[in-house]
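Asks:
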Amino acid sequence: MSDYLVDIKDLRLSFFTPAGEVKALNNVSIHLKEGEVLGVVGESGSGKSVTAYALMGLVPNPGKVVGGTITFDGESITDLSEKNMRNIRGNRASIIFQDPLTSLNPVYTIGNQIREVILLHTGKNKAQAQERAEELLTLVGINEPKKRLKQYPHQLSGGMRQRVMIAIALACEPKLLIADEPTTALDVTIQAQILELMMDLKDKIGMSIIMITHDLGIVSNMCDRIAVMYGGKVVEYGTTDDIFYRPSHEYTKGLLNSVPKLIENHRERLVPIEGATPDMLNPPAGCPFSPRCDSCMKICLSTIPPYTHFDDIHYSACWLLQKAKFEETQAGGENNG
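In structure tokens form, the structure reads like this:
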């Protein structure tokens, strides 16, 4: 029996296109305990959302899992049939997609879409589903729930639509909630409200959260652990304190350096990460970050670095760390000699 609610090991996923195989995920391993919040950060195209879709069994054609295992709540779901995945998806695990306007059906009322989930996954009848839908809208902070249930998505503001998406995701009180960029296109005030709402609901129903985002400010306040992804790989993994105060991968350091710092009487230029993300149709032979890394060595271009472990939780894939570890060992040997 796994100690983790979510246990993804060495996951490899590719999209088989007419142009060739796009290696979207390369040996991704992610672990999440019950009640924890895991942040998954990285630039667009790093593999964050694809990892979530693989976990939910929602990888679109021509995508295919070609290696590794996915275990959820002690059950292997790597090769689970669509019928069996439906018993998990929306019931024990739910996802909030990036754009609520395109995720909600424009021709059905809000009430219809919430009731559908409740009727599909629970034993409630229509009257009970209607009552539960009103409860959910109240829970996520939407006023006049009876009126809102009769409205269509286009009649609601962006913040309200996002709350409706959260209500749908929480309809069956799932063990796991995946939030894929849940505050994209929302103003800062609404962002804060949505994030506070998610954390309150986490405490109320005891669920775990995977927060997928490119906003380091969000994960610093919400998450217990953080996985930094780049080029279809987890390049660094650790607690929130590890990532923010003891970053070890050059990409993680680059992300942190590109965040504006609000310090009185302190002016500092933002340092962007030069270059572009790798082409996953023809990925680099070595470290995926090597073409953009100022500290790149010859071995970085040709060989994928192994993980350097600092403790049981914090590890990072970088040849500079391997070099430092080797030099430290050599120095220790000389001193002992």
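Position 334 (the sequence shown) corresponds to 334 in the working numbering; numbering is contiguous. Quick reminder that beta carbons are idealized off the backbone N, C-alpha and C, glycines included.
Taking the beta carbon of K48 as the centre, do at least 16 other beta carbons fall within 10 Å, making it buried, or is it exposed?
Replies: Your numbering for residue 48 matches position 48 in the sequence shown. Result: buried.
Asks: Leaving out the 5 sequence neighbours to the left and right, which residues in its chain are closer than 7 Å to T303 when beta-carbon positions are compared?
Replies: By 1-based counting over the sequence shown, the position of residue 303 is 303. Closer than 7 Å at the Cβ level, and outside the excluded window around T303, lie G286.
Asks: Using CA coordinates, which residue listed in G275, G231, L176 is at the minimum distance from I88?
Replies: On the sequence shown, residue 88 is found 88 positions in, with the first residue counted as 1. Ranking G275, G231, L176 by Cα distance to I88 puts L176 first.
Asks: What's the call for P100, buried or exposed, on a 16-neighbour Cβ count within 10 Å?
Replies: For the purposes of this step, residue 100 is taken as residue 100 along the sequence shown, with counting starting at 1. By the neighbour-count rule (16 or more Cβ atoms within 10 Å), P100 is buried.
Asks: Suppose contacts are defined by Cβ-Cβ distances below 8 Å. Is E21 in contact with S14 by that definition?
Replies: Here residue 21 refers to the residue found at position 21 when the sequence shown is read from its first residue. Here residue 14 refers to the residue found at position 14 when the sequence shown is read from its first residue. Their beta carbons are under 8 Å apart, which means E21 touches S14 by this criterion.
Asks: For D73, which residues of its own chain have a beta-carbon under 7 Å away from its beta-carbon, when the five flanking residues on both sides are left out?
Replies: Taking the sequence shown and counting its residues from 1, the one referred to as residue 73 is at position 73. If we look at D73 and ignore the five residues flanking it on each side, its Cβ neighbours are L5, R92, K175.
Asks: I need the boundaries of the alpha helix (DSSP H) containing A192, first residue and last residue.
Replies: Position 192 of the sequence shown, counting from 1, holds the residue named residue 192. Its alpha helix (DSSP H) spans residues 188-205.
Asks: How would you write the range of the alpha helix (DSSP H) that G231 sits in, first residue to last?
Replies: As a first step, residue 231 must be located in the sequence shown, where it is residue number 231. Per DSSP, G231 belongs to no alpha helix (DSSP H) and is neither H nor E.
Asks: Taking the Cβ atom as the reference point for each residue, do C223 and E250 lie within a distance shorter than 8 Å?
Replies: Residue 223 sits at position 223 when you count from the first residue of the sequence shown. Residue 250 sits at position 250 when you count from the first residue of the sequence shown. Not a contact, by the Cβ cut-off of 8 Å.
Asks: Which residue wins for smallest C-alpha separation from I118, given the options D241, N257, L170?
Replies: Stepping through the sequence shown from its first residue, residue 118 is reached at position 118. Nearest C-alpha to I118: L170.
Asks: Helix, strand or coil for R12, going by three-state DSSP, please let me know.
Replies: One-based indexing of the sequence shown puts residue 12 at position 12. Strand, per DSSP.
Asks: For the beta strand (DSSP E) that H31 lies in, which residues bound it at each end?
Replies: Start at 1 with the first residue of the sequence shown, and residue 31 comes out as number 31. Unbroken beta strand (DSSP E) run through H31: 20-32.
Asks: Can you tell me whether I347 is helix, strand or coil according to DSSP?
Replies: The displayed coordinates of the chain run from 1 to 337. Any statement about residue 347 would go beyond what the structure contains.
Asks: Helix, strand or coil for T102 per DSSP?
Replies: Counted from its first residue, the sequence shown places residue 102 at position 102. T102 carries a helical assignment under DSSP once its states are collapsed to helix, strand and coil.
Asks: Where in the stretch 242-310 do unbroken runs of the alpha helix (DSSP H), each at least 4 residues long, occur, reported from the N-terminal end onward?
Replies: 250-257, 298-302
Asks: Would you list, in sequence order, the uninterrupted beta strand (DSSP E) runs of no fewer than 3 residues that lie entirely inside the stretch 52-114?
Replies: 63-72, 93-96
Asks: By Cβ distance below 6 Å, which residues in the same chain neighbour E173 in space, the five residues on each side in sequence not counted?
Replies: Numbered from 1 along the sequence shown, position 173 holds the residue referred to as residue 173. Once the five neighbours on either side are set aside, the close Cβ partners of E173 are I205.
Asks: By alpha-carbon positions, which one of S44, P18, L55 ends up nearest to R12?
Replies: Position 12 of the sequence shown holds residue 12. That would be L55, whose Cα lies nearest to the Cα of R12.
Asks: Is it buried or exposed, L120, if we count other Cβ atoms within 10 angstroms and call 16 or more buried?
Replies: Sequence index remark: in the sequence shown, residue 120 carries index 120 (1-based). L120 comes out exposed.
Asks: Who are the Cβ neighbours of L299 in its own chain at under 6 Å, not counting the five residues just before and after it?
Replies: Taking the first residue of the sequence shown as position 1, residue 299 is located at position 299. Leu is not the amino acid found at residue 299; the sequence shown has Ile there. Excluding the 5 residues flanking it on each side, I299 has same chain C-beta neighbours closer than 6 Å at W319, in chain order.
Asks: Check whether the Cβ atoms of R148 and Q130 sit closer than 8 Å, and answer yes or no.
Replies: As a first step, residue 148 is located in the sequence shown; it is residue number 148 there, counting from the start. As a first step, residue 130 is located in the sequence shown; it is residue number 130 there, counting from the start. Contact flag unset, no.
Asks: Based on DSSP bridge pairs, tell me the residues matched to T239.
Replies: Taking the sequence shown and counting its residues from 1, one reaches residue 239 at position 239. By DSSP's assignment, T239 forms a beta bridge with R225.
Asks: Any beta carbon of chain B sitting closer than 8 Å to that of F310?
Replies: Absent from the structure is chain B; it holds one protein chain and no more.
Asks: Give the DSSP-derived three-state secondary structure of V140 in the structure shown.
Replies: Here residue 140 refers to the residue found at position 140 when the sequence shown is read from its first residue. The three-state reading of DSSP puts V140 in coil, since its state is none of H, G, I, E or B.
Asks: Please look up how many angstroms separate the CB atoms of V219 and T240, rounded, as I've assumed it's under 8 Å.
Replies: Position 219 of the sequence shown, counting from 1, holds the residue named residue 219. Position 240 of the sequence shown, counting from 1, holds the residue named residue 240. That belief holds up - the Cβ atoms of V219 and T240 are roughly 7 Å apart, short of 8 Å.
Asks: Can you look up G39 in the DSSP assignment and give me helix, strand or coil?
Replies: Taking the sequence shown and counting its residues from 1, one reaches residue 39 at position 39. In this structure, G39 counts as strand in the three-state DSSP scheme.
Asks: Out of P284, N125, Q151, F16, which has the shortest C-alpha to C-alpha gap to T107?
Replies: As a first step, residue 107 must be located in the sequence shown, where it is residue number 107. A quick correction: the sequence has Val, not Thr, at residue 107. Nearest C-alpha to V107: Q151.
Asks: Under the rule that 16 or more other beta-carbon atoms within 10 Å means buried, what is E144, buried or exposed?
Replies: If you number the sequence shown from 1, residue 144 lands on position 144. By the 10 Å Cβ count, E144 comes out exposed.
Asks: DSSP three-state call for L320: helix, strand or coil?
Replies: As a working note, residue 320 is residue 320 in the sequence shown. Three-state result, L320: helix.
Asks: I'd like to know whether the C-beta atoms of M199 and I166 end up nearer to each other than 8 Å.
Replies: Translated into the one-based positions of the sequence shown, residue 199 becomes position 199. Translated into the one-based positions of the sequence shown, residue 166 becomes position 166. No. Outside cutoff.
Asks: With H, G and I counted as helix, E and B as strand and the rest as coil, what does DSSP make of S157?
Replies: Working through the sequence shown from its first residue, we reach residue 157 at position 157. S157: coil per DSSP, three-state reduction.
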